[in-house]
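Report on the following structure.
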Amino acid sequence: MFELIKSKQTIDFMKYAKPATWFSILLIVISLGSLSTKWLNWGLDFTGGTLIEVGFDQPANLTDLRETLAAAEFPDAVVQHFGSSHEVMVRLAPREGVKGQTIGNQVLNALNAADFGNVDMRRIEFVGPNVGAELAENGGLAIIIALVCIMLYVSMRFEWRLAMGSVLALAHDIIITLGVFSLFQIEFDLTVLAALLAVVGYSLNDTIVVFDRIRENFRLIATATPEEIVNQSLTQTLSRTIITSGTTIFVLISLFVVGGALIHGFATALLIGVGVGTYSSIYVASALAIKLGISREHMIPEVVEKEGADQDPLM
């Protein structure tokens with residue numbers, strides 16, 4: 008039976024398992040190194056403070072804006088372009104006893120007093136430091152609870168070698184996604200946290216589809232090696248993976264390009280997560296299951312004989 012299945016073209020994914028493993032280790036080391044030195048560029052949702060978005064008639068020079076705000080007693084202002092060179096986002100740390108609207112008016116007056124042309128207030132947000140700290144804590148707890156629930160689910164659904172592979176693949180995806188945000192200091196806000204939780208679900212779903220096919224093929228094919236079973240299973244699910252990941256990536260690219268700066272972080276996190284999650288289903292989860300010694304014997308359920316089953320029912 009295996010010869011009949013094998014006659015169809017099978018991609019030898021596991022041929023590249025070793026270089027892929029070293030590549031994953033390199034990415035994890037870089038990510039952990041960046042997280043330990045730079046950590047994350049927390050957004051206003053987590054740090055607290057005032058966020059002000061202003062628009063200019065002409066391209067804004069960020070250096071001049073910083074000097075103007077520093078002269079107006081805002082030396083800690085974080086100034087960056089937001090969407091285009093005509094739009095600028097200003098972030099300020101919370102000031103005790105001063106309302107966000109008051110701070111916004113002071114910033115707008117300082118910019119209007121300088122020679123920047125017409126300046127329009129587009130948006131102003133204020134988050135207290137206590138609220139920001141609470142959001143950061145709740146966000147971290149949400150990710151931990153999600154991972155614990157997933158660990159319980161996969162441990163009940165799969166043999167422990169497959170379960171271990173899926174959990175380590177999830178950790179791989181999260182660490183690399185966070186590493187990219189840390190390395191390039193992309194702002195990490197609540198939308199990125201939501202995207203990170205979506206990445207966990209997407210990556211797990213992709214891994215479960217592959218593992219279901221691996222388990223099924225282990226039970227159907229008795230003469231193949233674990234590497235051949237995994238290659239056959241990955242080949243059989245490849246079209247599904249390409250269609251699912253491809254359509255998802257097309258939508259995310261559209262969101263990133265035309266969705267506006269507000270959801271750039273969300274789209275970026277999902278783009279990284281979907282790409283890394285698809286890769287990890289093949290070269291992390293499946294390869295780890297092989298390294299842990301998965302075999303056909305582990306996939307065959309044990310038959311428990313009932314008491315008296317070997318006796319003649321007519322006696």
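Everything in the sequence shown is counted per the working numbering, starting at 8 for the first residue and increasing by one.
The C-beta atom is built at its ideal place from N, Cα and C for all residues, glycine as well.
All values reported here derive from a predicted model rather than from experimental measurement.
Query, Result
"In this structure, how does DSSP classify residue 29 when only helix, strand and coil are distinguished?", "helix"
"Under DSSP, the alpha helix (DSSP H) around residue 131 begins and ends at which residues?", "No alpha helix (DSSP H) holds residue 131; the beta strand (DSSP E) holding it covers 126-134."
"Taking the DSSP output, what are the residues bridged to residue 48?", "194"
"If you draw a straight line from the alpha carbon of residue 283 to that of residue 17, how long is it in whole angstroms?", "23 Å"
"Going by other Cβ atoms of all chains shown within 10 Å of its Cβ, with 16 needed for buried, is residue 276 buried or exposed?", "buried"
"Can you give me the start and stop residues for the alpha helix (DSSP H) that residue 248 sits inside?", "245-265"
"Could you pull out every residue in the same chain whose Cβ sits closer than 6 Å to the Cβ of residue 182, ignoring the five residues on either side in sequence?", "35, 38"
"When the distance is taken between beta carbons, is residue 90 closer than 9 Å to residue 195?", "no"
"Is it a yes or a no for the region 294-302 touching the region 222-237, going by three-plus beta-carbon pairs under 8 Å?", "yes"
"Quick one: what does DSSP say residue 9 is sitting in, helix, strand or coil?", "Low per-residue confidence applies at residue 9: pLDDT is 42, beneath 50, and the placement is therefore not dependable enough to give any value."
"Determine the DSSP secondary structure at residue 225, reduced to helix, strand or coil.", "helix"
"Of the choices 173, 170, 174, 203, whose alpha-carbon is the least far from that of residue 185?", "203"
"Only counting the same chain, and skipping five residues up and downstream in sequence, which positions put a Cβ closer than 6 Å to that of residue 296?", "168, 169, 172"
"May I ask which residues mark the beginning and end of the beta strand (DSSP E) holding residue 98?", "91-99"
"Considering only residues of the same chain and omitting the five flanking positions on each side of residue 11, which have a CB-CB separation below 6 Å?", "At residue 11, the pLDDT of 39 sits below 50, so the modelled position is not reliable; the number obtained from the coordinates is stated separately. Hits under 6 Å: none found."
"Can you tell me where the beta strand (DSSP E) holding residue 283 begins and where it ends?", "No beta strand (DSSP E) holds residue 283; the alpha helix (DSSP H) holding it covers 271-287."
"Buried or exposed: which applies to residue 165, given that a residue is buried once 16 or more other Cβ atoms fall within 10 Å of its Cβ?", "buried"
"How many whole angstroms separate the CB atoms of residue 20 and residue 228, which I take to be in contact at a CB cut-off of 8 Å?", "At roughly 17 Å, the Cβ-Cβ gap does not stay under 8 Å, so residue 20 and residue 228 are not in contact."
"Taking 9 Å as the cut-off, decide whether the C-beta atoms of residue 56 and residue 140 are in contact.", "no"
"Given a cut-off of 9 Å, decide if residue 256 and residue 281 are closer than it, judged by their beta-carbon atoms.", "yes"
"Rounded to a whole number of angstroms, what is the C-alpha to C-alpha distance between residue 71 and residue 122?", "10 Å"
"Taking the beta strand (DSSP E) that residue 299 falls in, what are its first and last residues?", "Run containing residue 299: none; DSSP gives neither H nor E here."
"By how many angstroms is the C-alpha of residue 251 removed from the C-alpha of residue 278?", "13 Å"
"Measuring CA to CA, which of 92, 113, 224, 200 is closest to residue 64?", "92"
"Could you check how far apart the C-beta atoms of residue 131 and residue 108 are, in whole angstroms? I think they sit under 8 Å.", "7 Å"
"Between residue 200 and the rest of its own chain, which residues show a CB-CB distance below 6 Å, the 5 nearest in sequence each way excluded?", "146"
"On a Cα-Cα basis, can you pick out the residue from 211, 62, 47 that is closest to residue 158?", "211"
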